[in-house]
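Below is one structure; the comments refer to it alone.
Protein chains: 2
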Amino acid sequence: MTEFIPPGTRWFDLPSPFAMKRGGVLHGARLAYETWGRLNAARDNAILILTGLSPNAHVAANADNPGPGWWESMLGPGKPIDSTRWFVICANSLGGCKGSTGPASLDPATGDSYRLNFPELAVEDIAQSAHALVRGLGIERLAATIGCSMGGMSALAYSALHPGATRAMVNISGAVQSLPFSIAIRSLQREAIRLDPHWNEGRYDEQSYPEHGMRMARKLGVITYRSSLEWSGRFGRVRLDGEAREGEDPFGLEFQVESYLEGHARRFVRQFDPNCYLYLSRSMDWFDLAEYGHGDADAALRAIAANGALENALSIGVETDILFPLQQQEQIADGLRAGGAKASFAPLPSPQGHDAFLVDIARFGPVVGEFLGGL
Amino acid sequence: MTEFIPPGTRWFDLPSPFAMKRGGVLHGARLAYETWGRLNAARDNAILILTGLSPNAHVAANADNPGPGWWESMLGPGKPIDSTRWFVICANSLGGCKGSTGPASLDPATGDSYRLNFPELAVEDIAQSAHALVRGLGIERLAATIGCSMGGMSALAYSALHPGATRAMVNISGAVQSLPFSIAIRSLQREAIRLDPHWNEGRYDEQSYPEHGMRMARKLGVITYRSSLEWSGRFGRVRLDGEAREGEDPFGLEFQVESYLEGHARRFVRQFDPNCYLYLSRSMDWFDLAEYGHGDADAALRAIAANGALENALSIGVETDILFPLQQQEQIADGLRAGGAKASFAPLPSPQGHDAFLVDIARFGPVVGEFLGGL
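Just so you know, the protein sequences line up as chains S and X, in that order.
Once you know that position 215 of the first sequence is 225 in this note's numbering, the rest is easy, because the numbers rise by one and skip nothing.
Once you know that position 171 of the second sequence is 181 in this note's numbering, the rest is easy, because the numbers rise by one and skip nothing.
And the structure:
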């Protein structure tokens with residue numbers, strides 16, 4: 011899986027054994043990470059970015075890898091996350107396949123890939139491993155966490171598990187728990203992979219690979235990451251021209267939107283490990299911040315901010331998000347504010363749905379930049 | 011496929027050959043239909059119900075089949091569609107598998123099932139065949155068409171192809187054309203079926219059947235037929251109890267919403283012919299009322315109502331519908347009104363999404379009943 015790892019990646023060895031929330035331990039596990047900017051003498055200018063399900067650690071160009079990253083317009087000198095002021099850290103999530111230890115990694119106990127022998131993954135494990143990295147870099151307290159999508163859950167877990175470990179939080183299109191609609195979508199994505207005969211209970215290889223299942227899962231993901239509104243404006247009912255059509259097949263690609271999904275699927279299928287996808291996907295279903303509030307997620311949010319443990323927070327959401335709908339981001343802001351944080355809620359009218367933070371930099375950039383500038 | 015046909019079904023022989031919109035003809039084709047109430051002497055009390063993708067013709071109990079139908083609470087003596095006043099007709103859609111001729115039927119030319127040799131199906135073919143049935147029953151002009159979901163498209167096609175053939179129209183969760191989001195969902199459903207090795211280019215049988223593909227397609231359908239709001243209230247994050255869980259499998263059924271989808275899928279998979287599903291599904295992508303307005307769907311709506319051809323119309327939609335969103339039903343009412351019909355738009359706050367008309371009879375019943383009562 012080395013082809014998934016960007017050049018310039020650094021590694022951090024996690025404490026060994028590393029205990030997982032739902033049971034089991036990892037031996038010799040590590041995180042792939044990158045940094046931007048410089049840690050100041052007071053060690054109080056560090057920002058940790060917690061990612062969505064699939065990204066690698068290469069958020070943006072840096073000295074080790076000048077190639078553009080997945081959030082290139084957001085991070086760098088003079089950009090909303092300004093690397094001339096902040097020391098920024100991002101790790102590939104534990105359980106992922108972009109350098110950090112996950113189901114596709116070698117199990118030192120067997121010398122073979124973990125596959126389904128990897129212990130069950132929780133969002134809390136991602137948060138705990140990131141916290142170990144931050145401490146390993148000599149940082150006692152972060153200036154801010156920035157979590158997007160699944161990373162928004164990781165950011166909440168980070169603060170719930172380590173009160174006061176960050177002074178501020180930017181929670182983007184996040185949630186305290188998954189709604190049944192989102193669980194249903196992800197359950198279907200996993201089923202598509204698991205029903206592919208080539209998945210073979212996780213024992214696939216490059217030659218016999220669950221390509222069909224991954225394609226279905228990715229297409230369903232893209233459908234729910236974007237919005238009906240955006241696609242109506244972008245694709246309408248435009249047909250592909252003759253050459254791009256699949257001959258006379260009445261069920262072949264005919265509409266532009268079908269070709270768009272096909273392109274997304276093709277680009278993703280061999281770039282992401284199917285077992286890692288299953289593990290990360292399920293971790294989002296399981297996450298429930300209410301566990302830290304005696305069954306009450308709002309109480310857990312208040313606890314995160316209690317006694318000045320979290321000073322500032324910004325929760326951003328998008329009206330067209332069907333996967334993490336807007337009321338979930340409002341809940342985060344309301345709960346943190348009720349706990350004592352200076353917390354604001356920024357609902358944005360982006361048409362791009364859940365993925366808007368990746369593409370609608372014109373709206374997200376100023377909101378994030380202003381918040382960080384005010385810290 | 012005879013097990014799909016309810017008892018008491020009647021058959022109507024379509025003109026032979028029956029020409030299909032996109033090319034090809036059917037020989038010896040027929041529609042399965044049922045009726046309720048009695049046609050009056052003036053033959054002006056007939057209502058035609060045009061269904062969504064999957065229903066059979068058994069809308070409600072009648073003399074031939076006292077078993078409950080799929081819209082039992084809506085149709086019958088004293089019900090919103092009052093069979094003591096109206097003579098009500100419903101056919102299984104052409105191309106379907108509940109008695110009417112479709113891809114699962116025998117091709118008289120070969121003696122074998124049509125399968126993918128069935129000609130391409132258009133919504134207009136469904137409307138034309140229904141119109142032939144209505145004329146065959148001796149009815150010159152309908153009192154009303156009632157079309158739900160795909161049937162809303164069929165109702166528009168019916169009026170566009172035969173101006174004045176109905177005095178009124180109830181269009182429920184319908185649309186003048188499919189949005190790219192809906193096309194994307196349906197494209198993925200079809201892909202799930204077509205990628206199932208047991209689909210075998212349409213040459214499956216009971217022993218080797220694309221069960222996995224149909225299951226995926228159905229689950230995705232159910233996800234988009236309902237709404238996130240409804241499921242949050244209905245399922246929340248409730249887990250299945252131990253017995254219903256799939257052992258220790260971390261990817262097995264665990265949340266109630268997953269079990270709900272599984273149940274829906276199991277009930278559907280062997281009750282609907284996969285090739286019929288593909289044909290009906292694609293017909294919805296292709297339908298575009300704009301063809302009847304020189305590329306302008308609003309002009310086509312106006313034309314439907316022009317010169318008193320359509321007198322009264324009611325377009326009902328639901329706020330939580332993500333497949334046929336509310337603005338599409340508003341467009342229908344606005345266009346018909348602009349053409350001269352007395353047309354009203356009824357947006358309902360049902361939480362059940364696209365499928366609300368099937369389950370939220372408390373809201374739909376009075377609206378439909380009042381409209382029909384005023385005719």
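From the three backbone atoms N, C-alpha and C, an ideal C-beta is built for every residue, glycine too.
This one's a predicted model, so the numbers in the text were calculated from it and none came from an experiment.
Expected contact under 8 Å - CB spacing of X/Met226 and X/Ala132 to nearest Å: Here the question's residue 226 of chain X lines up with position 216 in the second sequence. Here the question's residue 132 of chain X lines up with position 122 in the second sequence. Between X/Met226 and X/Ala132 the beta-carbon gap is near 26 Å, outside 8 Å, which marks them as no contact.
Members of the segment 192-225 of chain S near chain X, C-beta cut-off 7 Å: Those residues of the segment 192-225 of chain S that come within reach of chain X (Cβ to Cβ, closer than 7 Å) are Ile193, Ala194, Ile195, Ser197, Leu198, Arg200, Glu201, Ala202, Arg204, Leu205 and His222.
Determine whether the Cβ of S/Gln339 lies closer than 9 Å to any Cβ atom of chain X. To locate residue 339 of chain S, count along the first sequence from 1; it is residue 329. Interface flag for S/Gln339 against chain X is unset, since no Cβ pair is found closer than 9 Å.
Neighbouring residues, chain S, relative to X/Gln362 (Cβ below 9 Å): As a position in the second sequence, residue 362 of chain X is number 352, starting the count at 1. X/Gln362 does not reach chain S, its nearest Cβ partner there being about 13 Å away, counting only Cβ pairs nearer than 9 Å.
Buried or exposed for X/Leu358, going by 16 or more other Cβ atoms inside 10 Å? Position 348 of the second sequence, counted from the first residue, corresponds to residue 358 of chain X. So X/Leu358 ends up on the buried side.
How would you list, in chain order, the residues of chain S whose beta-carbon sits under 7 Å from the beta-carbon of X/Phe282? Mapped onto the second sequence, residue 282 of chain X falls at position 272. Within chain S, no residue comes near X/Phe282; the closest Cβ sits about 16 Å away, beyond 7 Å.
Buried versus exposed, by CB contacts within 10 Å (16 or more), S/Val248: Your numbering for residue 248 of chain S matches position 238 in the first sequence. Classification of S/Val248: exposed, given that the 10 Å Cβ count is below 16.
S/Cys158 - containing beta strand (DSSP E), residue span: Sequence index remark: in the first sequence, residue 158 of chain S carries index 148 (1-based). For S/Cys158, the enclosing beta strand (DSSP E) begins and ends at Ala154 to Cys158.
Terminal residues of the alpha helix (DSSP H) in which S/Ala202 lies: Here residue 202 of chain S corresponds to residue number 192 of the first sequence, with the count starting at 1. From DSSP, the alpha helix (DSSP H) with S/Ala202 extends over Pro190 to Leu205.
For S/Glu268, which residues in chain X fall below 8 Å Cβ to Cβ? Within the first sequence, residue 268 of chain S is the residue found at index 258, counting from 1. The contacting residues are Ile193, Ala194 and Ser197.
For S/Gln243, the first and last residue of its enclosing beta strand (DSSP E): Sequence index remark: in the first sequence, residue 243 of chain S carries index 233 (1-based). Checking the sequence, you will find Gly at residue 243 of chain S rather than Gln. That residue, S/Gly243, is in no beta strand (DSSP E); its alpha helix (DSSP H) goes Ser238 to Arg244.
Opposite S/Ser325 in the DSSP bridges: which residues? On the first sequence, residue 325 of chain S is found 315 positions in, with the first residue counted as 1. According to DSSP, S/Ser325 bridges with S/Asn181 and S/Phe355.
In whole angstroms, what is the alpha-carbon distance linking S/Arg277 and X/Gly112? One-based indexing of the first sequence puts residue 277 of chain S at position 267. One-based indexing of the second sequence puts residue 112 of chain X at position 102. If you take the alpha carbons of S/Arg277 and X/Gly112, they lie about 37 Å apart.
S/Phe367: first and last residue of the uninterrupted alpha helix (DSSP H) it sits in: The count along the first sequence starts at 1 and reaches residue 367 of chain S at position 357. Residues Ala366 to Val369.
Return the CA-CA distance between S/Ala323 and S/Ile182, expressed in angstroms with no decimal places. One-based indexing of the first sequence puts residue 323 of chain S at position 313. One-based indexing of the first sequence puts residue 182 of chain S at position 172. If you take the alpha carbons of S/Ala323 and S/Ile182, they lie about 11 Å apart.
Report the rounded CA-to-CA distance for S/Pro27 versus S/Gly109, giving the unit in angstroms. Translated into positions along the first sequence, residue 27 of chain S becomes position 17. Translated into positions along the first sequence, residue 109 of chain S becomes position 99. Spanning the two alpha carbons is a distance of roughly 19 Å.
Looking at X/His274 and X/Lys229, is the spacing between their C-beta atoms short of 9 Å? To locate residue 229 of chain X, count along the second sequence from 1; it is residue 219. To locate residue 274 of chain X, count along the second sequence from 1; it is residue 264. In this structure, X/His274 lies closer than 9 Å to X/Lys229 by Cβ.
Would S/Val144 and S/Ala56 qualify as a contact pair, given that the criterion is a beta-carbon distance under 9 Å? On the first sequence, residue 144 of chain S is found 134 positions in, with the first residue counted as 1. On the first sequence, residue 56 of chain S is found 46 positions in, with the first residue counted as 1. A contact, by the Cβ cut-off of 9 Å.
Between S/Glu216, S/Asp215 and S/Glu221, which lies nearest to S/Leu205 when the distance is taken from Cα to Cα? On the first sequence, residue 205 of chain S is found 195 positions in, with the first residue counted as 1. Residue S/Glu221 is the option with its Cα nearest to S/Leu205.
Taking the continuous beta strand (DSSP E) assigned at S/Val144, which residues delimit it? Here the question's residue 144 of chain S lines up with position 134 in the first sequence. Run containing S/Val144: none in the beta strand (DSSP E); it sits in the alpha helix (DSSP H), Val133 to Gly146.
is_contact[X/Glu329, chain S] using C-beta, thresh 9 Å: For the purposes of this step, residue 329 of chain X is taken as the residue at position 319 of the second sequence. Judged by the 9 Å Cβ criterion, X/Glu329 is not in contact with chain S.
Range of the contiguous alpha helix (DSSP H) that encloses S/Glu340: Taking the first residue of the first sequence as 1, we reach residue 340 of chain S at position 330. In the DSSP annotation of this structure, the continuous segment of the alpha helix (DSSP H) that includes S/Glu340 starts and ends at Leu336 to Ala348.
Measuring CA to CA, which of S/Tyr124, S/Trp21, S/Glu272 and S/Met84 is closest to S/Ala101? Counted from its first residue, the first sequence places residue 101 of chain S at position 91. For the residues S/Tyr124, S/Trp21, S/Glu272 and S/Met84, the minimum Cα distance to S/Ala101 belongs to S/Trp21.
So, are the CB atoms of S/Phe5 and S/Phe261 less than 9 Å apart? Past the edges of chain S, shown from 11 to 385, lies residue 5 of chain S, and the structure says nothing about it.
Return the first residue and the last residue of the beta strand (DSSP E) that X/Trp46 is part of. One-based indexing of the second sequence puts residue 46 of chain X at position 36. Residues Arg40 to Trp46.
Is the number of C-beta pairs between the segment 189-205 of chain S and the segment 283-293 of chain S that are closer than 8 Å three or more? Short answer: they touch.
If the criterion is Cβ atoms closer than 9 Å, does the pair S/Pro284 and S/Ile203 meet it? To locate residue 284 of chain S, count along the first sequence from 1; it is residue 274. To locate residue 203 of chain S, count along the first sequence from 1; it is residue 193. It is a contact, given that the beta carbons lie within the stated cut-off.
Length of the line joining the Cα atoms of X/Ala348 and X/Asp308: Counted from its first residue, the second sequence places residue 348 of chain X at position 338. Counted from its first residue, the second sequence places residue 308 of chain X at position 298. C-alpha separation (whole angstroms): 9 Å.
Could you tell me whether any Cβ in chain X is nearer than 9 Å to the Cβ of S/Phe261? On the first sequence, residue 261 of chain S is found 251 positions in, with the first residue counted as 1. At least one chain X Cβ lies under 9 Å of S/Phe261.
What in chain X is Cβ-close to S/Phe374, meaning under 8 Å? Along the first sequence, one-based indexing puts residue 374 of chain S at 364. Per Cβ cutoff of 8 Å: no residues; S/Phe374 is ~23 Å from chain X at best.
Is any beta-carbon of chain X found at less than 9 Å from that of S/Arg292? For this step, residue 292 of chain S is matched to residue 282 along the first sequence. Chain X has a Cβ within less than 9 Å of the Cβ of S/Arg292.
Would you list the residues sitting across from S/Leu60 in a DSSP beta bridge? Residue numbering aside, residue 60 of chain S sits at position 50 when the first sequence is read from its first letter. S/Leu60 pairs with S/Gly157.
Could you tell me the alpha carbon to alpha carbon distance between X/Ile332 and X/Tyr235, rounded to whole angstroms? The sequence position of residue 332 of chain X within the second sequence is 322, counting from 1. The sequence position of residue 235 of chain X within the second sequence is 225, counting from 1. The straight-line gap from Cα to Cα measures roughly 8 Å.
Count the CB pairs spanning the segment 113-131 of chain X and the segment 145-163 of chain X that are closer than 8 Å, and state whether there are at least three. Look at the beta carbons and you see the segment 113-131 of chain X not touching the segment 145-163 of chain X: under three pairs across the two are nearer than 8 Å.
Measure from the alpha carbon of S/Glu340 to the alpha carbon of each residue in S/Leu311, S/Gly363, S/Asn317 and S/Ala319, then state which is nearest. Position 330 of the first sequence, counted from the first residue, corresponds to residue 340 of chain S. Of the residues S/Leu311, S/Gly363, S/Asn317 and S/Ala319, the one whose Cα lies closest to the Cα of S/Glu340 is S/Leu311.
Same chain, Cβ closer than 8 Å to S/Pro129, five either side skipped, listed in chain order: As a working note, residue 129 of chain S is residue 119 in the first sequence. Taken in chain order, the residues that qualify are Met30, Arg32, Gly33, Gly34, Val35 and Leu36.
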